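Each position in the sequence shown, counted from 1, maps to that position plus 17 in our numbering.
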Amino acid sequence: MAAAVTLDQLEVLVAVVDHGSFSAAGRALRRAQSGVSYAVAALEAALGVQLFDRSERIPRLTEGGRALVGEARAVLERVGRLEGRARALAAGVEAEVALAVDAMLPLAALAEVSAAFRDRWPTVTLRLYTEALGGVMARVLDGSASVGVTAGQGAQATGVALVALAEVELRAVVAATQPLGARVGPIPDDAFRDEVQVVLTERAPAAPSVDVNVLSASTWRVADLATKHALIRAGLGWGTLPEHLVAADLARGDLVAIAPACWGGVAQRVSLYSVVRVDRPPGPAGAWLRGALHRACAAALPPGSAAVAPEGAERS
18 MAAAVTLDQL EVLVAVVDHG SFSAAGRALR RAQSGVSYAV AALEAALGVQ
68 LFDRSERIPR LTEGGRALVG EARAVLERVG RLEGRARALA AGVEAEVALA
118 VDAMLPLAAL AEVSAAFRDR WPTVTLRLYT EALGGVMARV LDGSASVGVT
168 AGQGAQATGV ALVALAEVEL RAVVAATQPL GARVGPIPDD AFRDEVQVVL
218 TERAPAAPSV DVNVLSASTW RVADLATKHA LIRAGLGWGT LPEHLVAADL
268 ARGDLVAIAP ACWGGVAQRV SLYSVVRVDR PPGPAGAWLR GALHRACAAA
318 LPPGSAAVAP EGAERS
């Protein structure tokens, strides 16, 4: 039976390639050159492949060596990840953090937090859910998400700890080509009655849905903001969307902000909260993630719209 390949042999192989010679690898590994040569020879015997051409003063990788050194690096990297994850688990760090966010959360803030999470917790898997209306709270309550960012309608739930995260400005908008887009000033309710309103609805059929700011008799129901945005831009109806999502459309003139008279102005605000279950709080990585969301919102949203991080949240 052929001898087994060892991690030590793979480490020596990679060191020789990285440092250019057996002697340089020995210095880097703090080993005698003879020990390096022995490890490489043992690896060649175990694999049945000559890895280095030793006919010259400086050994060079053979064709087989070039083909296998990448595999050796991959094995060492995977072992390193395994050891890192094991150390993290032993220290009480979660193997995975599931985050459910309301679609109102600016994607720039979510991307920033995700990148920082990857760098801060490289051994922890991040699972992301984007939900609307009551979807975030449902995931936190059923345990499929340990941290959530929910909109104002979830603030009355029991068994959870909520901390104000930010306020997002909502705009009533319509395509510039539509009749409503030509209206100036406050628009009376009856002007909306015969217009199609694109309304966000619950994704899960069983979830209760409460209409908010629905003024039109004819509604189209969608389960995500991207679809709602696309339909409104296509001139198929009017509706409310977050300011950060339509700012470019408004600047180009593709969409027009309109002012329902019953609103008392052009814009409204919706509050976002970070939320966790009281009886199942997140571990170190989840707690850090919650704090990072607060810091990212403070940077991504206008001054005064973001709240401070929850007390006790770890800082990077």
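We put the CB at the ideal spot given by N, CA and C, even for glycine.
Quick caveat: nothing in here was measured; it's all calculated off a predicted structure.
Counting only runs of 3 or more residues that sit fully inside the segment 166 to 195, the beta strand (DSSP E) segments are 177 to 192, in chain order. Going by DSSP, E148 is part of the beta strand (DSSP E) stretching over T142 to E148. For the pair L242 and L267, the CB atoms are not nearer than the 8 Å cut-off. Residue state for T218 is assigned as coil, using DSSP reduced to three classes.
Look at D35 here: in three-state DSSP terms it is helix. Residue pairing by DSSP puts I204 in a beta bridge opposite P277.
Only buried fits R307, as 16 or more other CB atoms lie within 10 angstroms of its CB. Residue state for P259 is assigned as strand, using DSSP reduced to three classes.
DSSP places W138 outside both helix and strand once states are collapsed to three, so it counts as coil. Residue L68 holds the alpha-carbon nearest to the alpha-carbon of F39 among L187, L68, V22 and L24.
Residue range G152 to D159 is occupied by the alpha helix (DSSP H) that includes R156. By the Cβ neighbour-count rule, E260 is buried, with 16 or more other Cβ atoms within 10 Å of its own. In this structure, the straight-line span from the alpha carbon of S51 to that of V86 is close to 21 Å. By the C-beta density criterion, P76 is buried, having at least 16 other C-beta atoms within 10 angstroms.
Annotation for V57: V29, L30, V33, L68 and F69 place their beta carbon closer than 7 Å to its own, counting only its chain and skipping 5 residues before and after. The shortest C-alpha to C-alpha distance from L24 to any of A89, G300, W255 and R156 is the one to A89.
Contact between A133 and A315 does not hold, since the beta-carbon distance rounds to 14 Å and is not under 8 Å. For L197, no beta strand (DSSP E) run applies, since DSSP gives it neither H nor E. Among the bridge pairs identified by DSSP, E94 is matched with none. Minimum Cα-Cα distance from A208 among the listed residues S163, A276, A265 and T147 corresponds to A276.
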